[in-house]
Structure formats: C-alpha cells, structure tokens
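See structure below.
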Amino acid sequence: MSKNRPVYEPFALEPSGRAHLVVTSLDAPPEGIEDSFDNIEVWTVKHNGPGVPVLAAGGVRPFRSTTELLAQLGHRLGRETAGLRFYAIGSEAFIWDAYNIGIVAGLHPSEISLHRAGPLVRRVYCSHCRTMIEGVPVNIVSCPSCEAALFVRDHFSRRLAAFMGVKVDAEVPGEIPAAEVFTS
Amino acid sequence: MKLKIEAAGQLTSGIRKFTLAPVDGAVLPRAGAGSHVVLEIPGPNRVWKNAYSITSAADALAYEIMVRRVEKSRGGSAWLHEHAKVGDVLEVYPPQNLFAPQRKAKRHLLLSAGIGITPFLSYLKLPGLAYEMHHCCKPEDETAFRTLLPSGPEATLHTSRNTLNLEALLKRQKLDTHLSVCGPESFMDVVLATAAHVGWPAAKVHKESFGGATGGEPFVAHLKRSGVKVNVGREESLLDAMEAAGLTPPCLCRGGACGECKLTVLDGVPAHHDHYLSETERAANNAIMICVSRAKTPELVLDF
Ligand SMILES: Cc1cc2nc3c(=O)[nH]c(=O)nc-3n(C[C@H](O)[C@H](O)[C@H](O)COP(=O)(O)OP(=O)(O)OC[C@H]3O[C@@H](n4cnc5c(N)ncnc54)[C@H](O)[C@@H]3O)c2cc1C
Ligand code: FES
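Listed below in structure tokens is the structure:
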C-alpha cells in the first residue's frame, strides 16, 4: 500500500463536540448513534427515497443521491456555529468530497473525522483526459471519454478525492494485464 | 538598531504610549500585524530587555508601543514610565511575530483585557480584516480605550465582566472563525476554558502571553559545556543571570513565548513558567525555557 493512502480510525463520536453532523453515502447511519449524544443529525443516501430530504424521527435526513447530499452540505455548514463535529462515512471519494466541502466552510481537520465503509470501489481520475470515473471495483478500467485502458495506481489525491489512472500499456504498448479486484 | 523616542504620552493612569522613530532617516523594518519589538532599557545597575507589541500599522514610519507600569516592576516598565523622555535613543531589536493573524481564518474573534489590547491594535489596521472584537477594561480607563477602537459595531468595550457573555459569544461564532486572545493569565484561562467547554477545537484558539516570570528560591545553574556555575538570585531570571556571567544564550521574546531560549536539562528538575512547551515536554522535564523558568532542585545541569 502506498504511503499517501489515508488511514481511517473506526467511527466514534467526539465527546468534545457540542453538536454532531454525520453524513454517509450509505442508506443507514452506524447502529445506535442516534441515542449516544443529544445533538446529532445524520444525513444518509436512500436511492428512490422521498423527494424532499425532510428530517425524520431520530434526526435522520435521507437524500436521494450523494450528489444531492453534497450540494446541500456547503449551505448547511455555512449556517453552523463553533463546536460542531463533522463526520463522513462511506466510499473514499464521498468522504473526501465531504472533507473538502468542510474545509472550504472553515472546519479545521481536527473537527472532521472520516471513515471508510461500503463497497471497495474507487473514483479514478484519467490522467490523460481528466475524466472522473466513478465506482470502479477493479484496477484496470477503460476511460469512457478518451478510451484509454487505465491502470489504477494506489496514488490517492485528497484534493480530487480520486485515484490516479494511467495508461496501462505505457511500457509495452498493447500489453494489458488481467484486472484485480480492490482489496483496500 | 537605534530608535529615538519621538513622542510619549499617558494613555491611562497606568499605561504610557511611545512613538519610536528611526535615527537619521534610517529605514524601519516592516512589522506585520501582531509583531513585537524587544527594547533595551538602561537601568541603574543593568540593562533590561523587554518585549512590547507594536500597535501601529505594518508600513508606518515609526513604531508605536504601549507600556503598562507593572506594579512590582523591578526595572523595565517603571523606567519607561518614570525616566523615558522624548529624545532618548534606545537600542531596539528588529520585530518578531509570534501572534500573526491566522491566515486560514475568514473571520477573527478578538478578545482582550487591559494591556492585552496592544497586539490587536495592529490587527485593526489591516485593510479588510473581518473581525469582531471585545475588550475588557477598568471603568476609569473606558474613555481612553474608546479612542483606540473603531466606532462601529465590530468592536465592543466592556467595563465589567458581566456585560460580556463569553459562552453565548463563543457559541454563536461561524465555523470559519478563529479566536485570538490576549490579556492577563486569569482572563485568558477563563476564555480558553469556556471555548473548550462549548466545543472549540484547540487548533482555532490562539493566545499571546506577556510573560509570567516570577522570582523564587535561588538556585545554581551548572552550564556543562561552558564549564561555568551561575548563581541565580531570588529576583533575577536564569537568562539574566547567565548574561550577567558573560554568556550569550539564545533568546528573543524573553517572555516564555517564542521558544528560542530552550535548553536541554541534563540533571535537576525545572519549574516551568513558560507558555511554549507542551504538557508532554513539561512532564518529561528534560527541557527548560530559561527566560522565565526556574528550578525545583538546588541545582540544574544544563547543556550549554
Ligand atoms: C511577546 C510579548 C509582548 C508584550 N507586549 C507588551 C505590551 O504591548 N505592553 C506591555 O506593557 N507589556 C508587554 N509585554 C510585557 C513586557 O515585556 C514586560 O514583561 C513588562 O513590561 C514588565 O516589565 P518590567 O521590567 O517592568 O517587569 P519585571 O516584572 O520587573 O520584569 C523584567 C523581566 O524579568 C522577569 N521577571 C519578573 N519578575 C521576576 C523575578 N522576581 N525574578 C526573575 N525574573 C523576573 C520578567 O519576565 C520580565 O520580562 C510583552 C511581553 C511579551 C513576551
Ligand atoms: S526567549 Fe522566547 S521563550 Fe524564552
């Protein structure tokens, strides 16, 4: 595993916080978190869920997609006040998108915690045409825009929340190794 | 560098302000917001070196400082109040900055009390700084401090702690705000404790401390590499005693804030009075900030 892969701690709420906002790309929050502290809100993604992400009982607000959730996040953090702890749980792409929105909103890294959960899929950045390819489960992928056969390197960019994809046959043109499923 | 006292005047009964201008049209080094200078103050028996925050704007043609007369002053601030006069030329070390405005902050919450206002006066001169300031002072000093602050809603004066609801103030700050605090230790302690209580992360809380040295039991400092033993008296600091013995240990702020004067302790137990070392470093007892800290044991062996 390359050195720039972030390391994630198991999910736990920060007792130093006065309020907690948990966002996840999964359809349910981690078990039992609603009753662990008073001031918690959880944003989830429930595909085909209700059209309007209203706050339901237990402080859970279901969004229809991660896109919709992330689009609301900046506005929400802009209204928040000091003392908030922010948590993102889900795919590496999702949690780093959330992280970057948090930093722009003025959160300090010590106020944010990230946790990997769900399927081991990666967002891949085609370094040849700059296309982002979402949800890639294996280390060889064809770029849908420029059709390059890409090898997914272990190099993760926090800014892009993506792994670098480079031409697989850069060394020996035409030679494409067998794809391997990600194990981390 | 040599600077001349170009103007001097009383701000309050206990605070005197000075304008220090270059001699012979020399160029003054730029002093970014939050900087301080160290002045050499000529005492009858020895020279004092004290740090004072620069209250003027970064590109001003002269430095302005404000000096509070410390009650039991052994020299520096008393001399500046009683003897310093317009025309005097003082040796001044180039500005240092331990308290620059946080670059990552989009907004600044500035809290000060008494003389702790000084570093923030240079902040207020930064164009476009988004801030909210609250300053606490004695009722009799209100009029004087009022003249230093802008008249808008961004700066509020409090003459009693009751009018400043710290908890509510800290709770309503936006996420993009950093807190900076300067003033007496007791004031800063309350602010820091309240901030932590309502969930502020340490990384967004910044303070500048003006010292904290006190006298104490005399002790002996054994400077191993120099091969010298120095007696540190009840009323002098370890740094002063080393300088009096002809040594030139590193130092900048002389107030326990900058970290420059750190020495390694080889034997003996230091009594920490600085604001620089972390809790872990303090507990390890193998480093000492010689400008403010003393000894718990009769002798300290230092790597110098
Ligand atoms: C970064 C910084 C910025 C500052 N800005 C300002 C400012 O803007 N305005 C202002 O008024 N002050 C400021 N100060 C405080 C100022 O430098 C002096 O500490 C203060 O004026 C008292 O000086 P004094 O000589 O009268 O006091 P004294 O207390 O007599 O001190 C002389 C020095 O010796 C130490 N000391 C004191 N008592 C003892 C003792 N019994 N034994 C051994 N050592 C002792 C202190 O560290 C002090 O620096 C600042 C300090 C720092 C570190
Ligand atoms: S000289 Fe700055 S900490 Fe001692």
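Respectively, the protein sequence lines represent chains A and B. Per our numbering, residue 33 is the first one in the first sequence, and the count goes up by one each step. Per our numbering, residue 25 is the first one in the second sequence, and the count goes up by one each step. Every residue gets a Cβ at the ideal spot worked out from N, C-alpha and C, and that includes glycine.
Where residue i meets chain B, residues with beta-carbon distance less than 7 Å
{"i": "His140(A)", "result": "Pro225, Ala227 and Lys228"}
{"i": "Ala137(A)", "result": "Leu199 and Asp200"}
Distance between beta carbons of residue j and residue i, contact taken as under 8 Å
{"i": "Val110(B)", "j": "Ala31(B)", "result": "6 Å"}
{"i": "Leu44(B)", "j": "Ile89(B)", "result": "7 Å"}
{"i": "Cys277(B)", "j": "Gln120(B)", "result": "7 Å"}
{"i": "Pro137(B)", "j": "Ala57(B)", "result": "The question names Pro, yet the displayed sequence has Ala at residue 137(B). Incorrect: roughly 19 Å between the Cβ atoms, too far for contact."}
{"i": "Ala135(B)", "j": "Val244(B)", "result": "Residue identity check: residue 135(B) is Leu in the sequence provided, not Ala. Their Cβ separation, rounded to whole angstroms, is 41 Å, which puts Leu135(B) and Val244(B) out of contact at 8 Å."}
{"i": "Leu153(B)", "j": "Gly138(A)", "result": "In fact, because the Cβ distance is near 16 Å, the residues do not count as touching under 8 Å."}
{"i": "Leu58(A)", "j": "Ile121(A)", "result": "7 Å"}
{"i": "Glu124(A)", "j": "Phe188(A)", "result": "7 Å"}
{"i": "Leu53(A)", "j": "Leu116(A)", "result": "6 Å"}
{"i": "His159(B)", "j": "Ile141(B)", "result": "5 Å"}
{"i": "Lys228(B)", "j": "Leu203(B)", "result": "6 Å"}
{"i": "Gly106(A)", "j": "Ile135(A)", "result": "About 11 Å; that fails the 8 Å criterion."}
{"i": "Arg92(B)", "j": "Ile29(B)", "result": "Between Ile29(B) and Arg92(B) the Cβ distance is about 17 Å, and since that is not below 8 Å, they are no contact."}
{"i": "Gly279(B)", "j": "Gly207(B)", "result": "Not really, about 14 Å apart at Cβ, beyond 8 Å."}
{"i": "Val289(B)", "j": "Ala269(B)", "result": "About 18 Å separates the two Cβ atoms, so there is no contact after all."}
C-beta contact flag for residue i and residue j at 7 Å
{"i": "Val156(A)", "j": "Val173(A)", "result": "yes"}
{"i": "Ala194(B)", "j": "Val222(B)", "result": "Looking at the sequence itself, residue 194(B) is Leu, so the reference to Ala does not match. Going by C-beta atoms, Leu194(B) is nearer than 7 Å to Val222(B)."}
{"i": "Met313(B)", "j": "Asp291(B)", "result": "no"}
{"i": "Asn71(A)", "j": "Ala44(A)", "result": "no"}
{"i": "Ile65(B)", "j": "Trp103(B)", "result": "yes"}
{"i": "Trp75(A)", "j": "Leu101(A)", "result": "yes"}
{"i": "Leu181(B)", "j": "Glu164(B)", "result": "no"}
{"i": "His107(B)", "j": "Arg40(B)", "result": "no"}
{"i": "Pro53(B)", "j": "Pro118(B)", "result": "yes"}
{"i": "Lys248(B)", "j": "Asp327(B)", "result": "yes"}
{"i": "Gly239(B)", "j": "Glu259(B)", "result": "yes"}
{"i": "Leu152(A)", "j": "Phe214(A)", "result": "yes"}
{"i": "Thr113(A)", "j": "Gln34(B)", "result": "no"}
{"i": "Ala130(A)", "j": "Val77(A)", "result": "no"}
{"i": "Lys199(A)", "j": "Ala211(A)", "result": "no"}
{"i": "Ser233(B)", "j": "Ala308(B)", "result": "no"}
{"i": "Glu143(A)", "j": "Pro68(B)", "result": "no"}
{"i": "His246(B)", "j": "Val325(B)", "result": "yes"}
{"i": "Pro274(B)", "j": "Gly257(B)", "result": "no"}
Interface flag, residue i vs chain B, CB-CB below 7 Å
{"i": "Met33(A)", "result": "Because Met33(A) carries a pLDDT of 46, less than 50, the predicted location of this residue cannot be relied on, and the following value inherits that uncertainty. Not an interface residue."}
{"i": "Arg191(A)", "result": "no"}
{"i": "Glu203(A)", "result": "no"}
{"i": "Phe195(A)", "result": "no"}
{"i": "Glu63(A)", "result": "no"}
{"i": "Glu143(A)", "result": "yes"}
{"i": "Glu212(A)", "result": "no"}
{"i": "His52(A)", "result": "no"}
{"i": "Leu45(A)", "result": "no"}
Any chain A beta carbon closer than 7 Å to residue i
{"i": "Gln197(B)", "result": "yes"}
{"i": "Asp213(B)", "result": "no"}
{"i": "Lys231(B)", "result": "no"}
{"i": "Val205(B)", "result": "no"}
Chain-ordered chain B contacts of residue i [CB-CB under 8 Å]
{"i": "Arg48(A)", "result": "A quick correction: the sequence has Ser, not Arg, at residue 48(A). Within 8 Å Cβ-Cβ: Ala220, Gly223 and Pro225."}
{"i": "Leu109(A)", "result": "Leu199"}
Anything in the stretch 174-203 of chain B with a Cβ closer than 7 Å to a Cβ of chain A? List those residues in chain order, please. The stretch 174-203 of chain B vs chain A, Cβ under 7 Å: Leu194, Lys195, Arg196, Gln197, Lys198, Leu199, Asp200 and Thr201.
By the 7 Å beta-carbon criterion, what residues does the stretch 103-133 of chain B contribute toward chain A? Residues passing the 7 Å Cβ filter: Lys130.
Interface positions of the stretch 112-130 of chain A facing chain B (Cβ-Cβ less than 8 Å), listed along the chain: Residues of the stretch 112-130 of chain A with a C-beta less than 8 Å from any C-beta of chain B: Glu112, Thr113, Ala114, Gly115, Leu116 and Arg117, listed in chain order.
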